[in-house]
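In our numbering, the protein residues as written are 56 to 362.
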C-alpha cells in the first residue's frame, strides 16, 4: 500500500521542524560573557585603586558613563586581585612564583598508566600536560606545591601568620613609616578592612552614587579651603590699609579738637572739662534706710489682732 501525498507531506514537515530545532538547540539563548578579566597592572593591588581613579575623572557630561566603565573594570579585576593581590603577584611572570613543570610529562590522571611508558612519542604527547587544559597544568602545580609543604607544620604556620598580623597591626598604630618599610621588606600586603557603614553595595548605581557624593564633598572642601585662603590673604592686605586710614583719621580728629578749643578760648566759653557737683545719692539712701530701721514706729491699727 502506497502512502498518500498528505502523509508524506506531514512526515517531511515533521522532519523539517526537527532539523530546524536541532540546528539551534546547541546554541545558548544569550552569548557567553566572561566577567572576569586578566589583570597585569600591579597598581590595581591597591584596594583604593578604582576609588582614586574615579576621583581623577574629569567632571564633564560623560562623567557618569566613565564611572560605569570603571565599575565594569573593577568587577572584572576582583577575582584576580583576590587571588594574587595579597602576595603582590600581579604583573609578574608565573615562573617567578610557581615551580617549573615538565610539560612533556603525562597528566595527573594518566601518570600511573604503565602503557604510556612503551607508547610512541605522538601518543605520549596526546596525553601530556602540553596538550591538556589549564586544569591539568594547575593540578601539576598543586601536586608539586603540596609535596613541598610539610603537613606537621601547617598549624604552626597558621598560628605564626596570625601572630604576624597582630604585630603588624600594633606596628601600624605606633609607627606608620616602620610599618610601610616592613611591608616592603617582607613583600606582603596589609589592608585594613572597612567598617560596615563605609561599605558600598555591589551594584553599579550604588557605587557610582557613592563616588559622586565623595567627589562632591572633596570638591566642596577644596573650594571652601581656596575661598578661606583668599579671604585670609585679602584681610591681611586690607587690614594694613584700614589701620593706616584709622591713624590718619585719628590725627585729623585731634587737630580739629585742638582748633575747637582755641576758638572756645577766644570766644570766652567755659570748658566742659570743669568738675560739677554731684550729690551723694548712695550715701543719703543708706542713711535713710538706717534711720528707718532705728526709729520705725508701727501704726496703731497694725498692732491689733484680726478677729
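All residues carry an ideal CB built from backbone N, CA and C; glycine is no exception.
Cβ of residue i within 8 Å of any chain D Cβ
| i | result |
| --- | --- |
| residue 244 | In the displayed structure, chain D is absent; only one protein chain is listed. |
Sub-8 Å separation of residue i and residue j beta-carbons
| i | j | result |
| --- | --- | --- |
| residue 119 | residue 261 | no |
| residue 237 | residue 226 | yes |
| residue 184 | residue 201 | no |
| residue 179 | residue 192 | no |
| residue 243 | residue 142 | yes |
| residue 187 | residue 149 | no |
| residue 135 | residue 145 | yes |
| residue 220 | residue 110 | no |
Anticipated Cβ contact below 8 Å, residue i with residue j, distance rounded
| i | j | result |
| --- | --- | --- |
| residue 214 | residue 245 | No, residue 214 and residue 245 are not in contact; Cβ-Cβ is about 18 Å, not under 8 Å. |
| residue 371 | residue 154 | For the chain, the structure presents residues 56 to 362; residue 371 sits outside this window and is missing. |
| residue 259 | residue 123 | 6 Å |
Inter-residue Cα distance where the pair is residue i and residue j
| i | j | result |
| --- | --- | --- |
| residue 350 | residue 339 | 16 Å |
| residue 252 | residue 267 | 17 Å |
| residue 77 | residue 89 | Note that residue 77 has pLDDT 48, beneath the 50 cutoff, so the model's placement of it is unreliable and no number is given. |
| residue 174 | residue 166 | 13 Å |
| residue 205 | residue 151 | 22 Å |
| residue 112 | residue 247 | 25 Å |
| residue 138 | residue 92 | 13 Å |
| residue 234 | residue 228 | 9 Å |
| residue 302 | residue 312 | 15 Å |
| residue 305 | residue 297 | 12 Å |
| residue 102 | residue 278 | 27 Å |
| residue 270 | residue 158 | 51 Å |
| residue 315 | residue 291 | 36 Å |
| residue 347 | residue 331 | 31 Å |
| residue 140 | residue 177 | 40 Å |
| residue 289 | residue 275 | 21 Å |
| residue 182 | residue 189 | 14 Å |
| residue 280 | residue 117 | 27 Å |
| residue 197 | residue 241 | 24 Å |
| residue 147 | residue 287 | 51 Å |
| residue 114 | residue 125 | 15 Å |
| residue 343 | residue 324 | 40 Å |
| residue 208 | residue 255 | 39 Å |
| residue 97 | residue 194 | 26 Å |
| residue 284 | residue 295 | 17 Å |
| residue 168 | residue 211 | 37 Å |
| residue 321 | residue 308 | 20 Å |
Span of the alpha helix (DSSP H) around residue i
| i | result |
| --- | --- |
| residue 246 | Segment: none, residue 246 is in no alpha helix (DSSP H) and carries neither H nor E. |
| residue 293 | 259-322 |
| residue 204 | Per DSSP, residue 204 belongs to no alpha helix (DSSP H) and is neither H nor E. |
| residue 181 | 176-181 |
Residue i Cβ short of 7 Å to the ligand ATP heavy atom set
| i | result |
| --- | --- |
| residue 255 | Of the ligands one can find in the structure shown there are none, so the ligand ATP has no counterpart to examine. |
Any alpha helix (DSSP H) of 4 or more consecutive residues that is wholly inside the segment 87-169 = 104-110, 118-139
Segments assigned alpha helix (DSSP H), at least 4 residues, entirely inside the segment 217-244 = 231-241
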